[in-house]
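Here's the structure, in C-alpha cells; my notes come after.
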Amino acid sequence: MPEDPLTTVVSALHGLGHDLDGLCVAELLWLAARARGGSAEAAREEGAEAAGGDGAGTVDPRELLSTWGRSVYGYGSTGTGGDGVPARQVSVPRGTALPRAREIARALRPLRRPWAAGRRHQLDVAETVSGYARSGELLPAFRPAPERWFDLTVVLDRSPTMAVWDDTVDELLKVLATTGAFRTLRVREVDSWEARPRRRRAGSRTAPGRRLVLVVSDCAAGAGGEDGFWGRIQAWAGAAPTVLVNPLPPKIWRHTGLDLPAVKVTTPGAPGVANARLHFLAPPLMEDLFGLPGERRTGWTPLPVVGLTPRSLARWARTLMRGDPEGCEAVLVPEPGTVLHRPASPQPVAEAAQLVEAFLHRASAPAVRLAVLCSTYPRMHAGMLHLVRQELVPEASTADLAEVVVGGLVAVGEEGPAGGGPVLTFRDGVRERLAPRLGARDAVRTRDTVSRFITEHADAASRFPALVPDTDGDALIPAGDTPLAEVSPATLRTLGPVAERGADPGVERPYFFLSYAHTPRYIETDPDPDMWVQRLFRDLSSHVMALTDMPAGYPAGFMDRQLRVGEGWAQRLGEVLATCRTFVPLYSPRYFASTTCGKEWFAFAQRTAYHHARSASSAKEAIIPASWVPVPPHQMPRVARRLAFDHSDFGERYATDGLYGMIKLRAYAEEYERAVYQLARRIVHVADTANIAVGRPVDYQTAPSAFETLTASRAQSDLRIAVVAPTVHDLPQGRDAVYYGDSPDDWNPYYADSRRPLAHVATELAFHLNSQVNVSSFDEELSRVSGAAGTARNQPPLGPLILLVDRWALEVPALREGMAALDAANPAGTSLILAWNRHDRQSHASDAELAAGLQRTIPRLMSRTTENSAAAARGVLTLEDFGAVMPQVVAATSQDYLRHAEAYPPTGASSSQAPRPRLLGPMRALPPPPGASSPGEEEHEEP
Numbered sequence: 013m014p015e016d017p018l019t020t021v022v023s024a025l026h027g028l029g030h031d032l033d034g035l036c037v038a039e040l041l042w043l044a045a046r047a048r049g050g051s052a053e054a055a056r057e058e059g060a061e062a063a064g065g066d067g068a069g070t071v072d073p074r075e076l077l078s079t080w081g082r083s084v085y086g087y088g089s090t091g092t093g094g095d096g097v098p099a100r101q102v103s104v105p106r107g108t109a110l111p112r113a114r115e116i117a118r119a120l121r122p123l124r125r126p127w128a129a130g131r132r133h134q135l136d137v138a139e140t141v142s143g144y145a146r147s148g149e150l151l152p153a154f155r156p157a158p159e160r161w162f163d164l165t166v167v168l169d170r171s172p173t174m175a176v177w178d179d180t181v182d183e184l185l186k187v188l189a190t191t192g193a194f195r196t197l198r199v200r201e202v203d204s205w206e207a208r209p210r211r212r213r214a215g216s217r218t219a220p221g222r223r224l225v226l227v228v229s230d231c232a233a234g235a236g237g238e239d240g241f242w243g244r245i246q247a248w249a250g251a252a253p254t255v256l257v258n259p260l261p262p263k264i265w266r267h268t269g270l271d272l273p274a275v276k277v278t279t280p281g282a283p284g285v286a287n288a289r290l291h292f293l294a295p296p297l298m299e300d301l302f303g304l305p306g307e308r309r310t311g312w313t314p315l316p317v318v319g320l321t322p323r324s325l326a327r328w329a330r331t332l333m334r335g336d337p338e339g340c341e342a343v344l345v346p347e348p349g350t351v352l353h354r355p356a357s358p359q360p361v362a363e364a365a366q367l368v369e370a371f372l373h374r375a376s377a378p379a380v381r382l383a384v385l386c387s388t389y390p391r392m393h394a395g396m397l398h399l400v401r402q403e404l405v406p407e408a409s410t411a412d413l414a415e416v417v418v419g420g421l422v423a424v425g426e427e428g429p430a431g432g433g434p435v436l437t438f439r440d441g442v443r444e445r446l447a448p449r450l451g452a453r454d455a456v457r458t459r460d461t462v463s464r465f466i467t468e469h470a471d472a473a474s475r476f477p478a479l480v481p482d483t484d485g486d487a488l489i490p491a492g493d494t495p496l497a498e499v500s501p502a503t504l505r506t507l508g509p510v511a512e513r514g515a516d517p518g519v520e521r522p523y524f525f526l527s528y529a530h531t532p533r534y535i536e537t538d539p540d541p542d543m544w545v546q547r548l549f550r551d552l553s554s555h556v557m558a559l560t561d562m563p564a565g566y567p568a569g570f571m572d573r574q575l576r577v578g579e580g581w582a583q584r585l586g587e588v589l590a591t592c593r594t595f596v597p598l599y600s601p602r603y604f605a606s607t608t609c610g611k612e613w614f615a616f617a618q619r620t621a622y623h624h625a626r627s628a629s630s631a632k633e634a635i636i637p638a639s640w641v642p643v644p645p646h647q648m649p650r651v652a653r654r655l656a657f658d659h660s661d662f663g664e665r666y667a668t669d670g671l672y673g674m675i676k677l678r679a680y681a682e683e684y685e686r687a688v689y690q691l692a693r694r695i696v697h698v699a700d701t702a703n704i705a706v707g708r709p710v711d712y713q714t715a716p717s718a719f720e721t722l723t724a725s726r727a728q729s730d731l732r733i734a735v736v737a738p739t740v741h742d743l744p745q746g747r748d749a750v751y752y753g754d755s756p757d758d759w760n761p762y763y764a765d766s767r768r769p770l771a772h773v774a775t776e777l778a779f780h781l782n783s784q785v786n787v788s789s790f791d792e793e794l795s796r797v798s799g800a801a802g803t804a805r806n807q808p809p810l811g812p813l814i815l816l817v818d819r820w821a822l823e824v825p826a827l828r829e830g831m832a833a834l835d836a837a838n839p840a841g842t843s844l845i846l847a848w849n850r851h852d853r854q855s856h857a858s859d860a861e862l863a864a865g866l867q868r869t870i871p872r873l874m875s876r877t878t879e880n881s882a883a884a885a886r887g888v889l890t891l892e893d894f895g896a897v898m899p900q901v902v903a904a905t906s907q908d909y910l911r912h913a914e915a916y917p918p919t920g921a922s923s924s925q926a927p928r929p930r931l932l933g934p935m936r937a938l939p940p941p942p943g944a945s946s947p948g949e950e951e952h953e954e955p
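In case it helps, the numbering used here puts the sequence shown at residues 13 to 955.
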C-alpha cells in the first residue's frame, strides 16, 4: 500500500535536522503551495486522468472525512427550512465565566468572622470540670457554640440585559456556597423593570443583624420607576448590610441606572452594620445637581457597589467586618419619589467606523485584544466569549469582557438553539474595521486554540451548544458561516447531544430514587424494620450495576439511609430528586399516608413536567411503582391510580404478597430474585428512554404533597383550567405572534424555554397534585356564568376554576368585555394566573399600561387572586416560577370553592328526620406501643 504523500512530506521536513513544531510545518506547506502557483490545479487534473476519464476510479471526497477534522459551528437555527447546511446539535466545553474565582473566595475571608452566641450548644469542658470539683457530681455544662455570622440572601436581577451574565452569576453562586463564610444561602430573583415592589415574607427566621443582602445587577434596565428597583434596595439597606455587585466596569456605571452620587463609606466601628449606619461625606454639589434642599440629605442611603474583582470585594469585606479606615466605594440611593429617574432617550446606532474608533479610544488593552480575536467569528454564544478570554486573553477580567459586550461592537440577541445563552453578533462593518489588527496568524491561532481546548476538555461539566454538519439533523448552519473549531471524529463522539440548560454533566445521576415510608419499631428492642428496604436497595443497585456500564463508585441508586451525619437531609433530598433518572415509590398503606413521601413524589413529577415542556416530547413516565405491601386501587390517591401499574412479569406471588412478603419468607426467595431483577431491568430501560433532564434543586420543605386531596370527590368538583388569550388571528396591532397559535389553548408565554402550550403544563402539574382536571374554554365559562345569572343569583360554583390570563387579551375588545362580565358575576372558587415571559420586551415596555388595564377591568378577580397568591397576580415570569405558583393557586382556589360548595346530606331520609351526629364527650387516646413514633413526628429525620 503506497504511503500517504502528506506523511512523506512531513517526515522529510522533520529529517532536515531542525526542531519544527506543527505550526512551522503548516507554514512551510502553505509557502510551498503559494510558490508553485497554478501547478496544483494541473496536478489535480493529471490525477483525475490517471484515475480514468469516466470517474470509475475516483474517490468520493466525502469518504476522506473520516480521517480529517470535522467543523464545529457555534450558531444556527432550528428547523430544516431555508438556506444553509443541515446540522445536528452537540455540546462543547466552555471556559470559566468568573475569572480569578479562587482569589474572589479568599477576598471574602473577613466575612467568616464567627458569631459567638450561636443557636446550637457545645460542651463547656472547663465549666463541667469546675462544677464537678465543686459538687462532686459529673453534670455536663453547655454554652452557645459559635457559628457563621451572616445568612446570605442573593438577589439576582433577571432583566434581559443580564442574560449574558447568567454563567458568571452561576459560578459566583458556587463560590459563595463553597467559601464557608455564610450560615445559609438563599437566592431570590427579581426584575429591575418591575415598578411594583414585591411583598415581604412575614416571620423571617433570620435574627436582627445576621442578614446580608447581595444584589447582582448591571443596572442597565434602569431604575424601574420611582418605587421600583431602588425603592426595594433602600428598604433592604435600611435593615441589613446590602451590597450591589455590578459586572460592568466603573467607567460605564454613569451611563446606566447607576447614575447616582458616588461617595466613600466607612463603618462606625461595629462589624456587620446596616447601610443606614455607614458614615459618608456627601459631595458638595449634590444638592445643586439633583435639585434638593439641604434637609433632604438625610433621605439618602449609602449602597456599596463592587465589581467582580478580588480587590473590590476585599475592600468591601474589610470595611464591613474589620472597620477598614480606607473604606469602600458606594453610591447614595434616594428615598422613593425623591429623584425622578428619567429614562435615557434611545440613541441612534453610529456607523461602524465611529463605533470601532470610540471603542479603541476608551476600552482597556485586554478588552481590545479580546474583541479583535473574537472578530474571527461573525457571531458566537456567550460561552464562546468566555472560552476565548480564558485561553487567549487570561489577563482580561470580567470588566474587560463587559466592555466588549456593551461597547457597541456587538448586538446581543436572544438565546440560540437549545439555550446556551444569548448570541453575540458583530454589527455590520465592525469586523472589517477590526481586520487590520487581526493578522492571519492570530486567526489561525484562535481557531487552533479553541479546537485544542474542545479536544482536551471534551468531558467537562460546563458546556454550551454548537452545531456540526449532518444531513439528518434538525438544525441549519447559515450559508457562509465561519466554523469555531476543527475536531476529530473521536472527539466529536465524546461531545454528545446538547444537554438541557441547568444540567451539569459532571454531577452524579443515580439511576433510581427509592421512596418509601419509614416503619416505626413496635418494641424498642426490635431490630430496625427498614432493614428489609435496605436489602431491597442493595439488591436493586447490584442488578443495575450489572445491567449498565457505570464505573465503580458511581451511585446506582439513592435512599435516605445514605445521608451522612451532619448533612442537611432536606437539602440533600432536593438535590438528588433534581438529578436522579427515575423515581421508584414502594407502595404500601403507610406510604400513601405519608406527607413526606407525597412531597418526594411531587418534587420529581414537577421536574418531569418541566422536561416535557422544554423537550416537547411525548410524556414518557419516569415513575416506576413497586408493590411493597399490596394496596387495593380504591385506597390509592388519584395520582397513583392513573399511573400504569402492570407488573405481570414479576410473578404471581409478587401480585399477592408484594416485595415485603417475598423478602421475609425464604420459601419465596426465587420469586423475590425474579421480581427484583425485572424491576431493575425496567429501571434501566425507563432511565435510558425517558432521559429526564437534570433540574434545579427543589425546596423540598415547601413542596406540596401529591397525596393530599384538595377537592371533594364528586364530578362537580373537578378542577377546571381555561385560557384567556388572543389567537394569531385577532392579535393587538404590533403584538409579536411567536407566543400564540390558532386557538387560545395554544398560547405559550414561555417560548422558547418551553415548547408546549401553558395549558398542557398546568394540566400536568395539577394532575400530580392529586386533582381531577378538565380543560375548559373561556367561552364555556362565560356561558355558565351568564346562565347562572339568568336563573338564580348566588348559586354555588360548579367547581374550582383557574384562568391562565395573557395581559394582552384585554387589548382585544371581545375578551375585555368577557373578562368584565366575569368580574361582575364574581364567581367564587375562581382565581387567575398572569403569565408572561421575562424576555418579552413588549410586555416589559407596556407593563404599567397592561397592569392598569387589569385593575380597571377586573378589580374583584384581581383582589381575590392577590389574596390567594400575590405572585400569580403580580405576574409569573419563568416556567420554574409557574411550577412553584401553581400548587399555591390550586390549594387556595380549591379551599375557596369548598367554602361555597353545595352540601350533600345522607340520602334515604329527609334532613329533618336524619339524626345529626353529636359529641358524646372527650375520649382518651390509647397509649402508643413502646418505641412507636408520635403522629406529629416527621418520618424522615436528619441524621
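By construction, the Cβ of each residue, glycine as well, lies at the ideal position given by its N, Cα and C atoms. Because the structure is a prediction, the values reported are computed rather than measured.
To the nearest angstrom, report how far apart residue i and residue j are at their CA atoms.
i	j	result
A54	L41	At A54 the pLDDT is 41, less than 50, meaning the model places this residue with poor confidence; the figure from the coordinates comes in the next sentence. Looking at the two C-alpha atoms, the distance is approximately 18 Å.
P262	V167	20 Å
R694	A771	31 Å
N782	A774	13 Å
A718	L844	22 Å
N880	R911	14 Å
P259	E407	16 Å
L188	L224	12 Å
S906	T890	24 Å
L873	S858	21 Å
V442	A365	7 Å
A847	S766	13 Å
A617	D460	44 Å
Can you pull the DSSP bridge partners for residue i?
i	result
Q101	L479
F604	For F604, which the question treats as bridged, DSSP gives no partner whatsoever.
K276	E341
F549	Answer is none; F549 lacks a bridge partner.
P316	A342
F614	Its beta-bridge partners do not exist; DSSP assigns none.
T108	DSSP lists no partner for T108.
Q134	R155
Mind checking residue i: buried by the 16 CB within 10 Å criterion, or exposed?
i	result
E307	At E307 the pLDDT is 45, less than 50, meaning the model places this residue with poor confidence; the figure from the coordinates comes in the next sentence. E307 comes out exposed.
P296	exposed
P253	buried
T458	buried
S23	exposed
R726	Confidence at R726 is low in this model, with a pLDDT of 44, below 50, so its placement is unreliable and no value can be given for it.
Y909	buried
R768	buried
K611	buried
A502	exposed
Could you spell out the range, first to last residue, of the alpha helix (DSSP H) harbouring residue i?
i	result
H741	It is not in any alpha helix (DSSP H) - H741 carries neither H nor E in the DSSP assignment.
S147	137-147
V380	377-386
E403	394-404
Please confirm whether residue i has its beta-carbon closer than 9 Å to some beta-carbon of chain D.
i	result
A383	The chain inventory of the structure shown lacks chain D, comprising one protein chain alone.
What residue range does the beta strand (DSSP E) around residue i cover?
i	result
V198	It is Arg, not Val, that sits at residue 198 in the sequence shown. 194-202 is the span of the beta strand (DSSP E), which, as asked, contains R198.
T594	594-599
V255	254-257
R223	223-228
Just list the alpha helix (DSSP H) runs in the segment 772-845, keeping only unbroken ones of 4 residues or longer that don't cross its boundaries, in chain order.
Those alpha helix (DSSP H) runs which fall completely within the segment 772-845 and span 4+ residues are 790-803, 825-837.
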